[in-house]
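Down below is the structure, laid out as structure tokens.
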Amino acid sequence: MAGRFWREAASLIIVGSTPSSVKPHGICDADYSLLFLKRSQKSSFMPNAFVFPGGVIHSSDFSQDWLDIFKKCGYTASDLLKEFRNPSPLPEFYANKAPDSILPEVGFRIGAIRETLEESGILFSSHLPGNPLEQHDLDHWRRAIHKDATQFIRLFQEMGGCPAVWDLHEWMGWLTPTNIDKKRFDTAFYITFIDTIPRVITDNKEVVGLQVSSPSVILEQWYNKELWLPPPQIYEISRLVQLSKYEELNRFARWRGKMGFDRYMPLHINACNGLLAVMPG
């Protein structure tokens, strides 16, 4: 069982139509950009890496309290099941959830949205009764949620609306290889699309920098050893670089999201001149 050896996590690939409110790095050969966050050098897992926003899920992401929040937005538990459950076999990180949890397809999306807020200050919300939060209010909630993940529930209880789970599409599952003995994660990757990547404010704790760029630009930087990308990021960026049009990628992601998760765990092989990461197939 993966849950005994891998901590469950959720990550969010944010695709923004170019131009962005954050100046893209390099020459953009696609009509969209991706958001990358730089992990602190003090991080115990993948220090200095450029990654997609995300982190470890919390039990509160699966709280029954979310059902009341979604109900006020017009969605029952049955509505959520109909919207998010697809006929493909459930990945283990969905199937192993307790019976009293909310639908795992919703809970993992909530976790990805919560972690994105903590790391970048971007809140993906929906059905808001009024205007979006002012920046100082958002900063307050961000600090509170960073200290106590249950405050994410309270945010929507007080503000109204709900997390924009409909905007997140299932993309890929990644298991940290078994030769990594300090920390290993079973991560659900989602992808979302926005018109413009908004202003990003790093927390200067877990995240100390950011970059907005096209897939090919950051791959070239990695190839030239200007920055470091973990293997899942390299693989996913290499997939994205095949599609240079925002609308084309958006359509593909929506279709792909209905197919359910594939789940990869690279097999590391030490060679005389480097390290091989062998993938399925």
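Once you know that position 142 of the sequence shown is 142 in the UniProt record's numbering, the rest is easy, because the numbers rise by one and skip nothing. Think of the CB as a built atom: it goes at the ideal place given N, C-alpha and C, for glycine as much as any other residue. Quantities reported herein were computed from a predicted structural model and do not represent experimental measurements.
Residue state for residue 258 is assigned as coil, using DSSP reduced to three classes. Straight across, the Cα-Cα distance linking residue 176 with residue 187 is about 8 Å. Scanning 55, 167, 106 for the CA closest to the CA of residue 194 turns up 167. With respect to the C-alpha of residue 192, the residue from 242, 263, 113 having the closest C-alpha is 113. With a threshold of 16 other beta carbon atoms within 10 Å, residue 190 meets it and is buried.
Following the DSSP letters along the chain, one finds residue 52 in no beta strand (DSSP E), marked with neither H nor E. Counting only residues of its own chain and dropping the five nearest sequence neighbours on each side, residue 229 has a CB closer than 6 Å to the CB of 50, 222. Secondary structure note for residue 34: its beta strand (DSSP E) is the uninterrupted segment 32-39. Contiguous alpha helix (DSSP H) elements confined to the segment 51-91 occur at 65-72, 77-84, taking only those with 4 or more residues.
276 is the residue among 276, 254, 124 whose C-alpha sits nearest the C-alpha of residue 231. Look at the beta carbons and you see the segment 148-165 touching the segment 51-60: at least three pairs across the two are nearer than 8 Å.
For residue 137, the secondary structure class from DSSP, reduced to helix, strand or coil, is helix. Sequence-distant partners of residue 45 (beyond 5 residues in either direction) whose C-beta falls short of 6 Å from its own C-beta, in its chain, are 183.
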